[in-house]
Amino acid sequence: MRNVKQTDILTGSIPRQLLVFFLPIWFGTLFQQLYNTADTLIVGNFVGTNALAAVGATGAFVNLLVGLFVGLCSGASVVVAQSYGARDVDAVDRQVHTSLVFSVVIGALLTVLGLLTAEPVLRLMGTPDEIIGDAALYLRIYFLGMIPQILYNMGTNILRAAGDSKRPLYFLIVASLVNIVLDVIFIALFHWGVAGAALATIISQVASAVLTLRCLAGSQGMPWHLAASKLRMERTILVAICMIGIPAAAQSALYNVSNMMIQSCMNGFGTDTIAAWGVYGKIDFIFWMTINSLGISITTFAGQNFGAKQYDRVRRGTRICLAMTAGITMCISVVFYFAAGPLFRMFSQDAEVIAVGVEMMHVLVPAYVTYVCIEILSGALRGCGDVRVPTIITVFCVCGLRIVWLLTAVPVWHSVATVELSYPITWTLASLLFVIYYRKGGWLKRCIAAHHNE
Numbered sequence: 001m002r003n004v005k006q007t008d009i010l011t012g013s014i015p016r017q018l019l020v021f022f023l024p025i026w027f028g029t030l031f032q033q034l035y036n037t038a039d040t041l042i043v044g045n046f047v048g049t050n051a052l053a054a055v056g057a058t059g060a061f062v063n064l065l066v067g068l069f070v071g072l073c074s075g076a077s078v079v080v081a082q083s084y085g086a087r088d089v090d091a092v093d094r095q096v097h098t099s100l101v102f103s104v105v106i107g108a109l110l111t112v113l114g115l116l117t118a119e120p121v122l123r124l125m126g127t128p129d130e131i132i133g134d135a136a137l138y139l140r141i142y143f144l145g146m147i148p149q150i151l152y153n154m155g156t157n158i159l160r161a162a163g164d165s166k167r168p169l170y171f172l173i174v175a176s177l178v179n180i181v182l183d184v185i186f187i188a189l190f191h192w193g194v195a196g197a198a199l200a201t202i203i204s205q206v207a208s209a210v211l212t213l214r215c216l217a218g219s220q221g222m223p224w225h226l227a228a229s230k231l232r233m234e235r236t237i238l239v240a241i242c243m244i245g246i247p248a249a250a251q252s253a254l255y256n257v258s259n260m261m262i263q264s265c266m267n268g269f270g271t272d273t274i275a276a277w278g279v280y281g282k283i284d285f286i287f288w289m290t291i292n293s294l295g296i297s298i299t300t301f302a303g304q305n306f307g308a309k310q311y312d313r314v315r316r317g318t319r320i321c322l323a324m325t326a327g328i329t330m331c332i333s334v335v336f337y338f339a340a341g342p343l344f345r346m347f348s349q350d351a352e353v354i355a356v357g358v359e360m361m362h363v364l365v366p367a368y369v370t371y372v373c374i375e376i377l378s379g380a381l382r383g384c385g386d387v388r389v390p391t392i393i394t395v396f397c398v399c400g401l402r403i404v405w406l407l408t409a410v411p412v413w414h415s416v417a418t419v420e421l422s423y424p425i426t427w428t429l430a431s432l433l434f435v436i437y438y439r440k441g442g443w444l445k446r447c448i449a450a451h452h453n454e
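Per UniProt numbering, the very first residue in the sequence shown carries number 1; after that it's consecutive.
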């Protein structure tokens, strides 16, 4: 099964393997963010603040639906990683084919859902009238690209589950370059505004999906042989994927529901705040892509080693990944805190937008470290097949407590900072609960028993 493109994470130095696996994922996500950021940079500089705010106002809703399918894809990743670690070639082959068919079905459903609900959701979130037309147009075009986007995500999750984190990077580099070039053509030259930004994103997603599918079909040394005749959804495999993927999708959705409420609160502070929040999201994503890449790494690491019955290695890998993530997070926090002004001036020359944005950075960036345990411990638990309790913790803290804060504290202390404080408060509590649950250790015995009963 082994291939030179794969990273063997079942033996050898754990820090080295985590780093080697993490870096291609991180660079891949960086390029993905580059083509998302290109939309913001070019729209902000060539169209104007209202258009910039329109694109920014769509972020929470886009992230909600994207989070749903990313969660479902993670279910396939865990199932494939465990079978790969156990060296069950036949199971991996059937899981890959089921996952791809499932992707098309989910993509079609999300396309219809996005097209039907774009404007109503934006109105529900309190999007100002002067930007809602552009925001709805951007969303409708964006959601036409759901199927290729999900196929790409599912395909790369499969490759990473088998230890190949390099080729997904190459595909994203190509897609990023395509998107940036098309942004310049559609927005700066053709003056298509937010529609051009959305169209450029769709075309780049199609390119990445085509490259990923060609890779899956032509993979040598991998435990699958992609063939049209084998494309079907097997019930037992679909259930296994959904048992992990649906709670992960629900967890992601709940994060984003609360973020949509935060976006709604931000909308009440005016266009400058909306624009600043949108730009902050682009800068903030550097942190999220880093910690999420580490989360993907530990999920794959835990999944393969759990499948290979190397349970002590799972625990050691989790401890090492926690230390690595904490160190990287503190470095990012220092840079962001002191470079907040220059970072915002890259996206906008509006003095009020910059001032609001710098204040956002100074409130939120110091709290990044409180999120580390949530990402890494939930990733390790998910890799071993434990998703129930992590989902409960997330529902209670990130969704429930954050919504309570927004409904009770914000009306009393009506300021942008009060809205922002909902993040560090809920992160801190969720981290404490994850640490307590992980250290008790009963989860591993339950995962082993459940795996043996499959």
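Just so it is clear, CB atoms sit at the ideal spot from N, CA and C, and this is done for glycine as well.
Range of the contiguous alpha helix (DSSP H) that encloses residue i
i: residue 165; result: Here residue 165 belongs to no alpha helix (DSSP H), and DSSP marks it neither H nor E.
i: residue 362; result: 351 to 364
i: residue 407; result: 402 to 412
i: residue 426; result: 422 to 440
i: residue 375; result: 372 to 383
i: residue 277; result: 271 to 307
i: residue 189; result: Per DSSP, residue 189 belongs to no alpha helix (DSSP H) and is neither H nor E.
i: residue 316; result: 311 to 338
i: residue 390; result: 388 to 394
i: residue 51; result: 49 to 57
CA-to-CA distance, residue j to residue i, given in whole angstroms
i: residue 314; j: residue 306; result: 7 Å
i: residue 137; j: residue 117; result: 12 Å
i: residue 199; j: residue 205; result: 10 Å
i: residue 369; j: residue 183; result: 35 Å
i: residue 104; j: residue 56; result: 28 Å
i: residue 237; j: residue 292; result: 26 Å
i: residue 321; j: residue 439; result: 15 Å
i: residue 391; j: residue 255; result: 11 Å
i: residue 323; j: residue 131; result: 43 Å
i: residue 143; j: residue 12; result: 43 Å
i: residue 181; j: residue 443; result: 48 Å
i: residue 139; j: residue 64; result: 12 Å
i: residue 70; j: residue 154; result: 8 Å
i: residue 431; j: residue 352; result: 34 Å
i: residue 4; j: residue 376; result: Because residue 4 sits at a pLDDT of 40, beneath the cut-off of 50, its placement in the model cannot be relied upon, and the point is left open.
i: residue 82; j: residue 382; result: 11 Å
i: residue 78; j: residue 436; result: 23 Å
i: residue 266; j: residue 44; result: 19 Å
i: residue 259; j: residue 414; result: 17 Å
i: residue 423; j: residue 197; result: 30 Å
i: residue 209; j: residue 300; result: 22 Å
Residue i - DSSP class collapsed to helix/strand/coil
i: residue 443; result: helix
i: residue 347; result: coil
i: residue 115; result: helix
i: residue 11; result: coil
i: residue 71; result: helix
i: residue 128; result: coil
i: residue 176; result: helix
i: residue 264; result: helix
i: residue 155; result: helix
i: residue 223; result: coil
i: residue 85; result: helix
i: residue 415; result: coil
i: residue 4; result: Here the model assigns residue 4 a pLDDT of 40, short of 50, so the residue's position is not dependable, and the following value carries that caveat. Reduced to three states, the DSSP call for residue 4 is coil.
i: residue 218; result: helix
8 Å contact criterion, which residue i and residue j should meet: CB distance rounded
i: residue 354; j: residue 344; result: 5 Å
i: residue 51; j: residue 129; result: Wrong, their Cβ atoms sit about 15 Å apart, outside the cutoff.
i: residue 86; j: residue 308; result: 6 Å
i: residue 263; j: residue 60; result: 4 Å
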